[in-house]
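Enquirer:
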Amino acid sequence: MDWFLVGAAAVGFGLLAVGGVLALATGWLAPWLRGRVVRPDLWGYGTVSLAAGLATVMSFKMAVDSEIVLDTLFVLAVALVILGGLLQRRSLRRPTDQ
29 MDWFLVGAAA
39 VGFGLLAVGG
49 VLALATGWLA
59 PWLRGRVVRP
69 DLWGYGTVSL
79 AAGLATVMSF
89 KMAVDSEIVL
99 DTLFVLAVAL
109 VILGGLLQRR
119 SLRRPTDQ
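Our numbering runs 28 ahead of the 1-based position in the sequence shown.
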């Protein structure tokens, strides 16, 4: 495995998680999200969940040798990614009909 790519992805997921923690702790959002996101705390929970799921999917093969544990971690990671996406979707402003 190319460790440069793993390190770059880990930095990306870390920055994603930092953005989620900032939204949880202070309510701060990136400027391009401020017009759409109504509930920053829910956005933060979704972002942290999404980053944790993606990092788990990326790294579960490196840490564990047992097939049962690998399958369990994979299902958990997919559930975290789906949960994160759903939470982020619920935090957005609903479009109004024109």
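Think of the CB as a built atom: it goes at the ideal place given N, C-alpha and C, for glycine as much as any other residue.
These numbers come from a predicted model, not from an experiment.
Using a Cβ-Cβ cutoff of less than 8 angstroms, which residues in the same chain neighbour residue 98 once the five nearest sequence positions on both sides are dropped?
Expert: In the sequence shown, residue 98 corresponds to position 70, counting from 1. Closer than 8 angstroms at Cβ, skipping near neighbours: 88, 89, 92.
Enquirer: Going by Cα to Cα distance, which pick from 120, 68, 113 is closest to residue 78?
Expert: Along the sequence shown, one-based indexing puts residue 78 at 50. Ranking the options by Cα distance to residue 78, first place goes to 113.
Enquirer: On the CB-based measure, 16 or more other CB atoms within 10 Å of its CB, does residue 41 come out buried or exposed?
Expert: What you label residue 41 is simply residue 13 of the sequence shown in a count that begins at 1. Residue 41 should be labelled buried.
Enquirer: Tell me which residues share the same chain as residue 105 and place their Cβ nearer than 6 angstroms to its Cβ, disregarding the 5 neighbours each side in the sequence.
Expert: Taking the first residue of the sequence shown as position 1, residue 105 is located at position 77. If we look at residue 105 and ignore the five residues flanking it on each side, its Cβ neighbours are 81, 84, 85.
Enquirer: Our contact map puts residue 120 next to residue 62 with C-beta atoms below 8 angstroms; I'd like the distance itself, whole angstroms only.
Expert: On the sequence shown, position 92 is the one that residue 120 refers to. On the sequence shown, position 34 is the one that residue 62 refers to. At roughly 12 angstroms, the Cβ-Cβ gap does not stay under 8 angstroms, so residue 120 and residue 62 are not in contact.
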